[in-house]
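Single-structure report; data block below.
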Amino acid sequence: MKIQHQWVAFYTILRKEVTRFLRIWVQTLIPPVITMGLYFVIFGHLIGERIGQMGGFDYMSFVVPGLVMMAVINNSYANVVSSFFSAKFHRSIEELLVSPTPSHIILLGYVAGGILRGLAVGAIVTFVSTFFTNFIIENPLLTILVIFLTSALFSVAGLINAIFANSFDDISIIPTFLLTPLTYFGGVFYSISLLPEFWQGVSQLNPILYMVNAFRFGFLGVSDVNVGLAIGGIAGMLVIAYIFAWYLLHKGRKLRS
Amino acid sequence: MTIQSTALSIRALSKVYGNGKAALSGVDLDVMPGDFFALLGPNGAGKSTIIGIISSLVRKTSGSVSIFGHDIDANFSVAKQHLGVVPQEFNFSVFEKVQQIVVNQAGFYGVPRKEALQTTDQLLHQLNLWDKRNEPARNLSGGMKRRLMIARALVHKPKLLILDEPTAGVDIELRRSMWEFLTEINQAGTTIILTTHYLEEAENLCRNVAIINKGEIIENTSVKNLLKQLNREVFVLDVRDELMACPEVENYQLRLRDAHSLEVEVEKGKPLNDLFAQLAAKNVAVVSMRNKVNRLEELFVTLVKNHEKRDGAGGRV
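Protein chains in written order, with the numbering used here: chain G, 19 to 275; chain S, 30 to 346.
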């Protein structure tokens with residue numbers, strides 16, 4: 019397939035994905051805003067005022083980057099896992115499988131869709147947070163780089179989950195039992211410097227800690243982890259996950275009989 | 030016959046599923062460009078497996094498949110550009126709009142959006158779906174969904190169209206209009222391969238036919254040649270006046286079906302003039318005549334039975 023034809027195929031998948039999440043905006047764009055708005059009110063405003071400072075900032079400013087990152091992670095993952103699994107379940111994925119679209123374009127198209135939803139939700143949540151606190155983004159380029167890499171990583175992870183899933187239950191197991199606990203223990207609401215040394219060490223095994231802190235560093239200029247190591251780690255995981263997802267698609271694992 | 034001269038060339042194609050079931054056992058098949066070809070066989074014979082392999086939804090165990098000279102493994106992209114597939118089961122997103130489904134499919138083949146919209150509009154008009162273009166696919170009737178899948182398969186203008194039981198569950202009127210449409214696009218140059226349970230469909234539409242049973246091609250010839258294999262035919266004669274008994278005629282075995290119809294079995298090719306003359310002499314006026322059964326259906330059943338007998342008698346053919 020020529021490069022210009024691949025571009026058309028990529029654009030078609032991306033357009034289809036964006037149309038899908040915009041068509042069901044009440045399910046895709048509004049719930050994260052409501053949830054994060056509640057976090058801002060309860061944790062940031064009501065409880066946060068009693069907590070005082072965290073990492074040198076008032077608590078509301080401290081939690082905003084973590085909550086934005088949490089929304090981006092959840093929505094990038096949810097977009098791809100539900101869209102790809104639905105296509106598999108209804109067999110409309112065959113529209114792509116019978117076409118000459120190469121596996122890497124299918125992967126890129128779905129991941130780009132997940133990134134766009136993640137970024138859209140991230141932008142809306144950031145906008146909502148401005149009603150609760152004032153902040154200046156310290157390092158916009160770093161912030162964009164971290165959010166882009168993280169949403170790409172979780173979009174790819176969502177696609178891998180969808181490939182292996184046999185039922186709709188299977189696509190909710192990872193978010194419920196893995197992503198949510200890792201995110202909550204990933205330094206969204208607190209600095210790990212508050213934890214005893216042992217639990218600080220355990221927390222450092224949590225990849226989401228690095229994403230949240232790298233993003234917070236871009237926002238506020240403070241981090242519990244080495245930011246260079248964090249970005250390198252996210253990029254490394256993205257490359258590995260991407261190659262694995264491409265391999266699964268190329269081999270037609272759970273897609274071709 | 031070279032691979033380049035064929036629309037579809039299948040060589041020694043085998044498929045063994047993970048559960049050990051052999052769905053195809055060394056299938057060889059050639060379909061010529063411009064042909065209207067029927068692939069017939071009972072349920073589970075391997076028709077859908079062949080289509081699945083051609084369209085790459087099923088992985089073959091061994092063998093090769095070429096579409097217009099392009100091997101589906103070595104030249105995946107070009108081979109697929111030439112192929113359009115209408116599967117047996119509906120496989121589109123029921124939440125998407127009709128027009129979107131067709132336009133998106135064109136995009137997956139690299140057709141620019143502007144061109145895809147034009148072709149889609151044309152196909153939706155031809156297949157009487159234009160009024161439904163902005164409806165989600167779930168609102169369509171069964172017949173409309175089938176036509177949508179045909180529009181989707183044709184939007185990138187393939188040279189080879191494969192339809193897996195396209196008229197299953199479709200009412201007679203719609204079936205006839207789909208036949209007309211398929212005949213038109215075949216006459217315009219598209220090679221068509223059809224699997225069907227309606228043997229009348231194969232007899233009316235197709236020039237060549239292959240019969241598959243238990244994963245093996247047991248007959249591959251023209252429809253005309255296949256029908257020549259039938260050496261006897263049974264006709265039903267409708268008569269104008271009420272008959273009290275079966276008239277006796279020489280050289281023909283007549284049977285009284287009811288007071289207004291007779292049945293006669295004759296050797297294929299034997300003239301019927303003498304029969305009509307004898308009946309006229311006995312004041313029996315024949316007002317119409319028809320075949321008792323679908324001839325191809327009769328032959329199909331015979332071939333499959335013979336194959337299974339040979340199979341059961343020791344070793345496959």
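Yeah, the Cβ is synthetic: ideal placement off N, Cα and C, and Gly gets one too.
Given a cut-off of 7 Å, decide if L273 of chain G and F137 of chain S are closer than it, judged by their beta-carbon atoms. Contact flag unset, no.
Assign F386 of chain S to one of three DSSP states: helix, strand, or coil. As shown, chain S starts at 30 and ends at 346. That puts residue 386 of chain S outside it, with no answer to give.
Express the C-alpha separation of T78 of chain S and T148 of chain G in angstroms, rounding to a whole number. 58 Å
If we ignore side chains and look at the alpha-carbon of each, how far apart do H23 of chain G and I123 of chain G end up? 11 Å
So R68 of chain G is in the beta strand (DSSP E); what residue range does that whole segment cover? Element bounds for R68 of chain G: not the beta strand (DSSP E) but the alpha helix (DSSP H), 66-69.
Which residues, in chain order, does the segment 30-44 of chain G contribute to contact with chain S at a C-beta distance below 9 Å? T30, I31, R33, K34, T37, R38, R41, I42
Contact defined as beta carbons within less than 8 Å: I believe A36 of chain S pairs with F97 of chain S. What is the distance between those atoms, to the nearest angstrom? 6 Å
For chain S, find out if any of its Cβ atoms is closer than 7 Å to the Cβ of L114 of chain G; answer yes or no. So yes, L114 of chain G belongs to the interface.
Would you give the residue range spanned by the alpha helix (DSSP H) that T225 of chain S belongs to? Careful: T225 of chain S lies outside any alpha helix (DSSP H) and carries neither H nor E.
Counting only runs of 4+ residues fully inside the segment 224-311 of chain S, write out the alpha helix (DSSP H) ranges in chain order. 228-234, 252-257, 302-310
Contact belief for T220 of chain S with G63 of chain S at Cβ below 8 Å, rounded distance in angstroms: 6 Å
Any idea if V114 of chain S is buried or exposed, counting beta-carbon neighbours within 10 angstroms, 16 or more meaning buried? buried
Helix, strand or coil at L156 of chain S [DSSP, three-state]: In the structure shown, L156 of chain S sits in coil (DSSP, three-state: anything other than H, G, I, E or B).
Hey, is V26 of chain G's beta-carbon within less than 7 Å of any beta-carbon in chain S? So yes, V26 of chain G belongs to the interface.
Nearest CA to the CA of G236 of chain G: which residue from G:M87, G:S185, G:I60, G:G204? G:M87
Is it the case that the Cβ atoms of V90 of chain G and G136 of chain G are separated by a distance below 7 Å? yes
Residue closest to F61 of chain G, alpha-carbon to alpha-carbon, out of G:P50, G:M78, G:A263, G:Q71: G:M78
If you count every other CB in all the chains shown that lies within 10 Å of the CB of C235 of chain S, and 16 or more means buried, which is it? buried
Roughly how many angstroms lie between the CA atoms of M318 of chain S and P71 of chain S, to the nearest whole one? Approximately 30 Å between the Cα atoms of the pair.
Whole angstroms is fine: what's the gap from R345 of chain S's alpha carbon to P118 of chain G's? Its pLDDT being 34, under 50, R345 of chain S is placed unreliably in this model, and the coordinates cannot settle the point.
With DSSP run on the structure shown, which of helix, strand or coil describes V12 of chain S? Residue 12 of chain S lies beyond the stretch modelled for chain S, which goes from 30 to 346, so this question has no answer here.
Pull out every residue of the segment 139-150 of chain S whose Cβ sits closer than 8 Å to any Cβ of chain G, in chain order. G139, V140, P141, R142
Chain-ordered chain S contacts of S110 of chain G [CB-CB under 7 Å]: Against chain S, the beta carbon of S110 of chain G has neighbours under 7 Å at N120, F121, S122, listed in chain order.
Within chain G, partners of F137 of chain S - CB distance below 7 Å: A27, T30, E113, L114, S117, T119, listed in chain order.
How about V313 of chain S and V278 of chain S: are their beta carbons less than 7 Å apart? Contact flag unset, no.
Residues, ordered as in the chain, of the segment 83-95 of chain S that lie near chain G by beta-carbon distance below 8 Å: S84, S85, L86, V87, R88
What are the start and end residues of the alpha helix (DSSP H) that includes V164 of chain G? 158-182
List the DSSP bridge partners of L137 of chain G. Paired residues: none, contrary to the question.
Does at least one heavy atom of the ligand COA sit under 6 Å from the Cβ of D102 of chain S? Questions concerning the ligand COA fall outside what the structure shown contains, since it holds no ligand whatsoever.
Close beta carbons around L223 of chain S, own chain, < 6 Å, minus the five adjacent residues each side: A67, L192
CA-to-CA distance, N97 of chain G to A342 of chain S, given in whole angstroms: For A342 of chain S, the predicted structure reports a pLDDT of 45, less than 50, and the residue's modelled location is therefore unreliable. A value from the coordinates is still provided. Each residue's CA atom was taken as its position, placing A342 of chain S and N97 of chain G some 57 Å apart.
Taking DSSP as the reference, what is the three-state secondary structure of D76 of chain G? Look at D76 of chain G here: in three-state DSSP terms it is strand.
Identify which residue in G:T161, G:Y128, G:I111, G:F203 has its Cα closest to the Cα of S221 of chain G. G:F203
Terminal residues of the continuous alpha helix (DSSP H) containing S221 of chain G? 215-221
Strictly under 7 Å for the Cβ-Cβ distance: is H23 of chain G near chain S by that measure? yes
Do the segment 25-45 of chain G and the segment 100-114 of chain S meet, that is, are 3 or more Cβ pairs less than 8 Å apart? no
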